[in-house]
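Peer 1: Before anything else, here's the structure in question.
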Amino acid sequence: DVKVTQSSRYLVKRTGEKVFLECVQDMDHENMFWYRQDPGLGLRLIYFSYDVKMKEKGDIPEGYSVSREKKERFSLILESASTNQTSMYLCATAPTSAAGELFFGEGSRLTVL
Amino acid sequence: AQSVTQPDIHITVSEGASLELRCNYSYGATPYLFWYVQSPGQGLQLLLKYFSGDTLVQGIKGFEAEFKRSQSSFNLRKPSVHWSDAAEYFCAVGNNFNKFYFGSGTKLNVKP
Chain A
1 DVKVTQSSRY
11 LVKRTGEKVF
21 LECVQDMDHE
31 NMFWYRQDPG
41 LGLRLIYFSY
51 DVKMKEKGDI
61 PEGYSVSREK
71 KERFSLILES
81 ASTNQTSMYL
91 CATAPTSAAG
101 ELFFGEGSRL
111 TVL
Chain B
1 AQSVTQPDIH
11 ITVSEGASLE
21 LRCNYSYGAT
31 PYLFWYVQSP
41 GQGLQLLLKY
51 FSGDTLVQGI
61 KGFEAEFKRS
71 QSSFNLRKPS
81 VHWSDAAEYF
91 CAVGNNFNKF
101 YFGSGTKLNV
111 KP
């Protein structure tokens, strides 16, 4: 089974703090994604990566950056957390194939005070 | 523009009753279609997917969905709901692994 592990299930941070959310997968998938989930808005793509050191902006990249130094690890960084970044963050992976599907981690719920 | 609409935010059904969750999409090409389920505090789990072929697809936990191209719909159904089906359900569309569009979700409550 694909395993996607998000390092922190719950975090509480203060405004202005730097926040790291880490995601590790064990299935050698090329593609990794960070989504943000808010009630009534579904999932919105922040960033994705299709290879090591490669990244592309999703629909809502403002206020976020990412890092992918190793194939299995994809980090989401909030350089200066703000209260409007309080949300559930979901990491997902997908293989490179003609008809891939997303495999999700359990999510990281971030509260910014 | 690509989009996915789930018109029902909340649905309540009695245990044992049938269920249909609606999903409509707007997509330029032939879409790949997915239904995911999310239990409280958890990530999303794939229920079923449609890529091509038979327009009625079977998934896990007794769910099925039917692709209707003429209606741009991919509705999820289950003939008899169990209390453990209470969760949030998301419809998604994509045509490759890099770009998926999700609906806003439908929360299912199950009455005993």
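Quick mapping for you: the protein sequence lines, in order, are chains A and B. According to the numbering used here, the stretch in the first sequence is residues 1 to 113, in order. According to the numbering used here, the stretch in the second sequence is residues 1 to 112, in order. Beta carbons are placed, not taken as given, at the ideal position from N, Cα and C, and that holds for glycine.
(1) Please tell me whether E22/A has its Cβ less than 7 Å away from any Cβ of chain B.
(2) Taking 7 Å as the cut-off, decide whether the C-beta atoms of R77/B and E15/B are in contact.
(3) Any contact of the segment 100-108 of chain A with the segment 54-73 of chain A, i.e. 3+ C-beta pairs under 8 Å?
(4) Buried or exposed: G53/B, going by 16 or more other Cβ atoms within 10 Å of its Cβ?
(5) Which same chain residues end up closer than 8 Å to F48/A when comparing Cβ atoms and leaving out the 5 residues on each side of it in sequence?
(6) Can you pull the chain A residues whose beta carbon is under 8 Å from the beta carbon of F90/B, in chain order?
(7) Could you work out which residues of chain A lie near G105/B, taking near to mean beta carbons separated by less than 7 Å?
(8) Please report the distance separating the alpha-carbon of Y50/B from that of I60/B.
(9) Give a yes or no on whether 7 Å exceeds the smallest Cβ distance from L90/A to chain B.
(10) Answer yes or no: do V110/B and D85/B have a C-beta to C-beta separation smaller than 7 Å?
(11) Could you compute how far the alpha carbon of P95/A sits from the alpha carbon of C23/A?
(12) Nearest-angstrom Cα distance between L176/A and Q6/A?
(13) Quick check on L47/B - is its C-beta less than 7 Å from some C-beta in chain A?
(14) Would you report the Cα separation of F74/A and Q6/B, rounded to the nearest angstrom?
(15) For G43/B, return the contacting residues in chain A, with the cut-off set at a CB-CB distance below 7 Å.
(16) Short check: CB of Y89/B to CB of V37/B, under 7 Å?
(17) Starting from the beta carbon of F102/B, find every residue of chain A whose beta carbon is closer than 7 Å, and list them in chain order.
(18) Helix, strand or coil: how does DSSP classify K99/B here?
(19) Where does G62/B sit, in a helix, a strand or coil, going by DSSP?
Peer 2: Let me lay it out:
(1) Chain B places no beta carbon closer than 7 Å to that of E22/A, leaving this residue out of the contacts.
(2) No, they are not a contact pair.
(3) These segments do not touch.
(4) It counts as exposed.
(5) Excluding residues up to 5 positions away in sequence, N31, M32, F33, W34, K55, E56, G58 lie with their Cβ nearer than 8 Å to the Cβ of F48/A in the same chain.
(6) In chain order, G42, L43 make up the part of chain A whose C-beta sits under 8 Å from the C-beta of F90/B.
(7) Going along chain A in sequence order, the residues near G105/B (Cβ under 7 Å) are G42.
(8) Cα to Cα, the separation comes out at about 13 Å.
(9) At least one chain B Cβ lies under 7 Å of L90/A.
(10) Cβ distance < 7 Å, so V110/B and D85/B count as in contact.
(11) Those two C-alpha atoms are separated by around 16 Å.
(12) For chain A, the structure presents residues 1 to 113; residue 176/A sits outside this window and is missing.
(13) No, because no Cβ of chain A sits closer than 7 Å to the Cβ of L47/B.
(14) F74/A and Q6/B: Cα-Cα distance of roughly 30 Å.
(15) In chain order: L90, F104, G105, E106, G107.
(16) Taking 7 Å as the cut-off, the beta carbon of Y89/B is found closer than this to the beta carbon of V37/B.
(17) Within chain A, the residues near F102/B are G42, L43.
(18) Reduced to three states, the DSSP call for K99/B is strand.
(19) Three-state result, G62/B: helix.
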